[in-house]
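Protein chains in written order, with the UniProt record's numbering: chain A, 1 to 145; chain B, 1 to 409.
Where a beta carbon is used, it is the ideal one built from N, C-alpha and C, also for glycine.
For reference, the structure is listed below as structure tokens.
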Amino acid sequence: MFKRFIAFATSLLLASGLSLFYHPASAEVLVVVSAEAPVTRLTLSDLRDVYLGRRTLIVNGVEVVPLDLTEGTAARSEFYTHYTGQTPAQIKAHWARQIFTGRGQPPQALTNSLAVVERLVSDAKSLGYIDSSFLDERLRVVTIE
Amino acid sequence: MVRQATWLCAILIVTQSGALLADSGLPNLEFNGFGTLGVVRSDERNADFVAAPFVSEGAGYSHDWSAEVDSRLGLQATLRMTPQISSVVQVISEKRHDGSFAPDIEWANVQYDFTPNLSFRVGRMVQSSFMSSEHRKVNYATPWIRPPQEVYRLLPVANFDGVDVRYRYPVGKTSNELQMNFGGGSVDYSTGSIDASDSWGVSHRTHWGDATLFASYGELKVSADELSQFFDVYRLFGLPGEQLASRYEVDGKRTSLLSLGVGYDPGSWFVMGEWARSSSPSLLGDSEGAYMTFGYRIAEWTPYVGVARAKVTSNTSESGLNAALYPSPFAEGAQLLNGILNELLSSGMQQESITVGARWDFRPGMALTAQYDHIDMRSGSSGGLINQQPEFTPGERINLFSLALDFVF
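Structure representation (structure tokens):
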């Protein structure tokens, strides 16, 4: 009985202690491509420029096409905050500047990570980001340096 | 002539591209829009504050609270016909010189991408004279209620019919964009129009991490029938009149515009600033403008402060014809002409301003912004105010309060 209490207390302490250092699942967004795709690593500035439409990235002669998640999803907010340092409202303003000057439309947006996974698997040109719990062996995590 | 040719060219590209359709998902048509619902109050009761120089009325004299200064609606259709060819048509409804909100075409062009980084456009475009010129009417996309007048009103002609080329190139960690354009345009006002012909411009933008660097240079020939007629009258006054007319005539002379801009935006705060100079060996003279805006982001709130300054660096008065040398009624005519000439020379914007505001991004695609401006006009300057009444005194200070709801969809 006493042992069980100790175990319980320890796990509680551990959990609360960990949460101070570790920001849980909502924070875990991975940049991924199909395991068949040529892309293995990207610089942070390339990733940012591709998603903001500032640069067309060509790897092994093939244009890399970014995929987005729909506005309001947690993974999308996390992706833009983490990799571009911008809030969804700032990204919206950025695309307003592009659209209304005829300089392009935002990346195609899919409704959830599962849809992104399915698209990536069927299209090796695409680049996407997903909630880490959707990662499987058909995908490769892109190293962002 | 250039304008007819560009339209013909645009129509040809659209009609010929139908045969090239290949990729699935194309052609693809997107509709987008933007707008602002805004009100402004000015404490100067004897003249109107306006955001664009040629509208019929604004806040202060005509209206206590004017909803016509900043309100507008823009609708856009973007058609991607093939992977290389796309077309944009954007129509904007806003207050005009005749008092109406009749819609006008702001953008209408066809773009051809030779490569993803090299594109060519023909049709109607907006010159990238300043850092935010091309999207200056999309208030949602800028931090302020309206772009700082001290810079953005240096040049009134904004969109043009012609061609432009854009080349994007990465260098190391920077992404760069070079843009060149050529064409002509016109702006209507209540009693005539101002035309710009043979205008060309080059602009360059570099994104380097959180920093943006911008530079632009352009030249154009401005003409206005009313001004030409005014100087024709001067020429009736013999050699002194001829000399004044050739000194101040606008027709056939080139006006140049140079501007430099910087921005730094690491996310939680931003700073941006621009400096620009327009020069013309004519009545338009030489002017300089600059601003600096600093903003801080706290969740959905973005408070900001800005300072700006505009000055005319060429002469703002002219002794003109010596009326004593002419018999009546030419003497009175000379005085009248001198009066108009001096009024035109002193009408350039000369002022300093302080802006304090806050933006609230309360839901996706919508923002509410409140802004206070304190404008200190130099003596003799009317700071771009219109509908000046006899009781109006140039060179005073005015205070503005503006509230705007901006949206994009």
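Self-check item: For A:L139, three-class secondary structure by DSSP
Solution: Three-state result, A:L139: strand.
Exercise. Over the uninterrupted alpha helix (DSSP H) stretch that includes B:Q149, give me the two end residues.
Key: Start and end: Q149 to Y152.
Self-check item: For A:V142 and A:V64, believed in contact at Cβ under 8 Å, the rounded distance
Solution: Contact between A:V64 and A:V142 is ruled out by a C-beta separation of about 10 Å, above the 8 Å threshold.
Quiz item: For chain B, is any of its Cβ atoms less than 8 Å away from the one on A:D49?
Solution: Chain B places a beta carbon closer than 8 Å to that of A:D49, counting this residue as a contact.
Practice problem: Taking C-beta pairs closer than 7 Å, name the residues in chain A that B:P156 reaches, listed in chain order. | Solution: The contacting residues do not exist; B:P156 stays about 20 Å from chain A at best.
Practice problem: Report yes or no: is there a C-beta of chain A within less than 8 Å of the C-beta of B:S203? | Solution: Chain A contact via Cβ: absent.
Practice problem: Pull up the CB-CB distance for B:D161 and B:G183, whole angstroms please, since I reckon it's below 8 Å. | Solution: Approximately 5 Å separates the beta-carbon atoms of B:D161 and B:G183; this is inside 8 Å, confirming the contact.
Practice problem: Using a Cβ-Cβ cut-off of less than 9 Å, give me the residues of the segment 66-87 of chain B that come near chain A, in sequence order. | Solution: Here the close residues are G74, Q76, T78, R80, S86 and S87.
Quiz item: If we ignore side chains and look at the alpha-carbon of each, how far apart do B:G380 and B:N342 end up?
Solution: Spanning the two alpha carbons is a distance of roughly 11 Å.
Quiz prompt | Simplified DSSP state of B:L405, which is helix, strand or coil | solution = Three-state DSSP puts B:L405 in a strand.
Exercise. Locate the beta strand (DSSP E) running through B:G201, then write down its first and last residues.
Key: Annotation: the continuous beta strand (DSSP E) that includes B:G201 extends over G192 to W208.
Quiz item: Can you tell me the Cα-Cα spacing of B:I105 and B:P240, whole angstroms?
Solution: Rounded to whole angstroms, B:I105 to B:P240 spans 44 Å at the Cα level.
Quiz item: Is the segment 249-269 of chain B touching the segment 350-361 of chain B in the sense that three or more CB pairs, one from each, lie closer than 8 Å?
Solution: The segment 350-361 of chain B makes no contact with the segment 249-269 of chain B, as fewer than three CB pairs between them are under 8 Å.
Quiz item: Between the segment 31-59 of chain A and chain B, which residues of the former have CB atoms less than 7 Å from a CB of the latter, in chain order?
Solution: Within the segment 31-59 of chain A, the qualifying residues are S45, D49, R54, R55 and T56.
Quiz item: Is the Cβ-Cβ distance between B:S129 and B:G263 less than 8 Å?
Solution: No, Cβ-Cβ distance for B:S129 and B:G263 is not below 8 Å.
Practice problem: Take B:R378 and list the residues in its own chain whose beta-carbon comes closer than 7 Å to its own, dropping the five residues that flank it on each side. | Solution: Answer for B:R378: Q350, Q351 and G395, listed in chain order.
Quiz item: How about A:Q105 and B:T78: do their beta carbons lie closer than 8 Å?
Solution: Cβ atoms of A:Q105 and B:T78: closer than 8 Å.
Self-check item: Residues that B:W107 contacts on chain A, provided the C-beta gap is smaller than 9 Å
Solution: Taking a Cβ-Cβ threshold of 9 Å, the residues of chain A close to B:W107 are F100, T101 and G102, in chain order.
Exercise. Determine the direct distance from the alpha carbon of B:V356 to that of B:F237, and round the result to whole angstroms.
Key: Between B:F237 and B:V356, the C-alpha separation is close to 51 Å.
Quiz item: On the premise that B:D198 lies in contact with B:K221, defined as a C-beta separation below 8 Å, what is that separation, rounded to the nearest angstrom?
Solution: Under the criterion of beta carbons closer than 8 Å, B:K221 and B:D198 qualify as touching, at roughly 5 Å.
Quiz prompt | Neighbour flag for A:R76 against chain B, beta carbons, 8 Å | solution = No, no contact with chain B.
Quiz item: At what residues does the beta strand (DSSP E) containing A:W95 begin and finish?
Solution: If you look at A:W95, you'll find it isn't in any beta strand (DSSP E); it sits in the alpha helix (DSSP H) that goes P88 to I99.
Practice problem: Consult DSSP for A:A35 and reduce its assignment to one of helix, strand or coil. | Solution: Coil, per DSSP.
Practice problem: Indicate whether B:V250 and B:A215 have their beta-carbon atoms separated by less than 8 Å. | Solution: No, these two residues do not count as a Cβ contact at 8 Å.
Quiz item: With distances taken from CA atoms, which of A:V121, A:I144 and A:A75 is nearest A:I130?
Solution: Among A:V121, A:I144 and A:A75, the Cα nearest to that of A:I130 belongs to A:A75.
Quiz prompt | Under 7 Å (Cβ pairs) to chain A, residues found in the segment 128-147 of chain B | solution = Listed by position, the residues of the segment 128-147 of chain B near chain A (Cβ gap below 7 Å) are E134, H135, V138, Y140 and A141.
Practice problem: With DSSP as the reference, please indicate the residues paired to B:G38 in a beta bridge. | Solution: B:A404, per the DSSP bridge assignment.
Practice problem: Rounded to whole angstroms, what's the CA-CA distance from B:M131 to B:G348? Just pull it up for me. | Solution: If I take the Cα positions, the gap works out to 22 Å.
Practice problem: Could you check if B:S190 is buried or exposed, using at least 16 other CB atoms within 10 Å of its CB as the buried criterion? | Solution: By the 10 Å Cβ count, B:S190 comes out exposed.
Quiz item: Buried or exposed: which applies to B:A102, given that a residue is buried once 16 or more other Cβ atoms fall within 10 Å of its Cβ?
Solution: So B:A102 ends up on the exposed side.
Quiz prompt | Neighbourhood of B:V50 by C-beta, 7 Å cutoff - its chain only, sequence neighbours within 5 removed | solution = Correct list, in chain order: G58, V69 and I386.
Quiz item: Would the beta-carbon of B:L345 fall within 8 Å of that of B:L368?
Solution: No, the Cβ-Cβ distance between B:L345 and B:L368 is not below 8 Å.
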